[in-house]
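See below for the structure under consideration.
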Amino acid sequence: MNRSKRALAAACAAVFCVSTGLASAASVPSSQSIATGFGSTTWYVSDQGGTGAGPFSGSCSGGPGLVITDASGPTGASDAYDHAWVIFVNGVPYSVGPTVDLTGTTYTGPASLMSGLNVSVQYHFVPGDAVARILVTLQNPGASAVAVPVQVSNNWGSDSTTTIRATSSGDAVVGTDDRWIITSDSYGPSDPVNLSVMYGEGAGVVPAAYTTTVFGCAGAEGLGTTFNMNVPAGQTQRLMMFAGLGGVMENNNTVLSAQASASFFASLDSLDPAWIVGVGQAELDSIVNWGPAAPAFSSCAGEGYVGDQFKLCQVICSSSLTGKPITPLIRLWTSTYGADPLCPSATAPLLVN
Ligand SMILES: [Ca+2]
Ligand SMILES: [Ca+2]
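Heads up, the sequence shown is in the numbering used here, so the first residue is 291 and it goes up one at a time.
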């Protein structure tokens, strides 16, 4: 977790943007194992996530339902999940059927009419980190608003030894004020550490409830999340969530690294650009569980900087484009002006860590 890693990720994101743009869409069977190349990180997906009894009861019976059945973290530690990231609409699991689109590491299910909404779910498995992005699209084709609960159900591989290691509120207790939650087993950890990011700062829609008891699958320990949605007629709303494994941005399996990584999942501005690759502006604008991003940087002059501040802005921004070391300049900026500088090369503040 350091600036160079983050800057590198941003640069890779730009390149990857081009490569995914060229990657051809392919219709593939819905059962897939997707290794992302970040250590041994591997995600297993299928359409067997049904429980027979809704999101937070029943069992992993294997009925229709899109699911990340399991995942291995960057170190190769296996058994992150016993079925997770199943999306239920009013208690019914979203199912993709026999085939899906797989473009690069982006797995996209077809739209399915559920409770009056066209629902689709996409999993994007980030190549450079042990991170999955879960994007739920709810499109209302009707003439009146649709109010419906959307439930997200995760059963942990850590089973009866599940331990809540950290939450974004600063304690080890799960509450709806928690944007993210880190759990693991009570060993080394042995199974991959699990980071679950359910919403961002400034969100218009946050979970109405969390439960740590879900459907049974080698125990019922997990994280169940309920969003009470209300999608206006003719409109589209989206929910974006993230899953992290092990050290998340580091190739290890420590709670400390997962916790350091979690701090980057605060807002649209702090997210690594690589994590939202492929999500267009219109889609970002429709995401209701993250607050809007800060206005884009225009230019040093356009920001209204004058004198020394204008000159320092120019040096930092031109150096950030050429890759020269800029940390001392950023420290000077931050200590003088009390905020992180912004540059056109970065969609997020240039954080000093
Ligand atoms: Ca379990
Ligand atoms: Ca908490």
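We treat Cβ as the ideally placed atom computed from N, Cα and C, and that holds for glycine.
For residue 487, the shortest separation between its Cβ and any heavy atom of ligand 2 does not lie below 8 Å. In terms of side-chain proximity, the C-beta atom of residue 537 is found no nearer than 8 Å to any non-hydrogen atom of ligand 1. Across the structure, residue 355 and residue 532 are spaced so that their CA atoms are roughly 19 Å apart.
The DSSP assignment places no complete run of the alpha helix (DSSP H) inside the segment 335-417 (cut-off: 4 residues). Cα atoms of residue 377 and residue 593: separation of roughly 42 Å, rounded to the nearest angstrom. In the three-state DSSP reduction, residue 566 falls in the helix class (H, G or I). Cβ contact annotation for residue 410 (same chain, cutoff 6 Å, sequence separation greater than five): 399, 401 and 427, in chain order.
The way I'd put it, the segment 362-375 does touch the segment 445-457; three or more beta-carbon pairs between them come closer than 8 Å. The continuous beta strand (DSSP E) containing residue 470 extends over residues 470-474. An exposed status is given to residue 621, since fewer than 16 other beta-carbon atoms sit within 10 Å of its beta-carbon. Residue 479 and residue 453 have their alpha carbons spaced roughly 10 Å apart. Residue 483 has its alpha-carbon roughly 39 Å from the corresponding atom of residue 626. With fewer than 16 other Cβ atoms inside 10 Å of its own Cβ, residue 600 counts as exposed.
Per the coordinates, the alpha-carbon of residue 572 lies some 14 Å from the alpha-carbon of residue 425. According to the DSSP assignment, residue 619 belongs to the alpha helix (DSSP H) that extends over 617-627. Remark: C-beta atoms of residue 423 and residue 565 approach each other more closely than 9 Å. Across the set 487, 633 and 349, the C-alpha of 633 shows the shortest separation from the C-alpha of residue 595. Excluding the 5 residues flanking it on each side, residue 466 has same chain C-beta neighbours closer than 8 Å at 496, 497, 498, 499 and 500, in chain order. Here residue 429 is near residue 521, since their CB atoms are less than 9 Å apart.
Contact between residue 357 and residue 330 is ruled out by a C-beta separation of about 21 Å, above the 8 Å threshold. Here the alpha carbon of residue 540 sits roughly 42 Å from the alpha carbon of residue 524. The three-state secondary structure of residue 465, taken from DSSP, is coil. For residue 339, the CB stays at least 8 Å from every heavy atom of ligand 1. Around the beta carbon of residue 629, fewer than 16 other beta carbons lie within 10 angstroms, which makes this residue exposed. Within the model, the alpha-carbon separation for residue 603 versus residue 590 is close to 6 Å.
A straight line joining the alpha-carbon of residue 463 with that of residue 473 spans about 11 Å. At least 9 Å separates the beta-carbon of residue 396 from that of residue 318. Short of 7 Å from the beta carbon of residue 365, and not among the five residues preceding or following it, lie these beta carbons of its own chain, in chain order: 329, 330, 536, 541, 542 and 543. Sorting 438, 585 and 570 by C-alpha distance to the C-alpha of residue 516 places 438 at the top. Counting only beta-carbon distances shorter than 5 Å to the non-hydrogen atoms of ligand 2, the qualifying residues in chain order are 457, 459, 461, 463, 465 and 468. The beta-carbon distance between residue 485 and residue 551, rounded to whole angstroms, is 7 Å. This is short enough to meet the 8 Å contact definition.
In the DSSP annotation of this structure, the continuous segment of the beta strand (DSSP E) that includes residue 322 starts and ends at 322-325.
Excluding sequence positions up to five before and after residue 327, its CB lies within less than 7 Å of the CB of 417, all in the same chain and listed in chain order.
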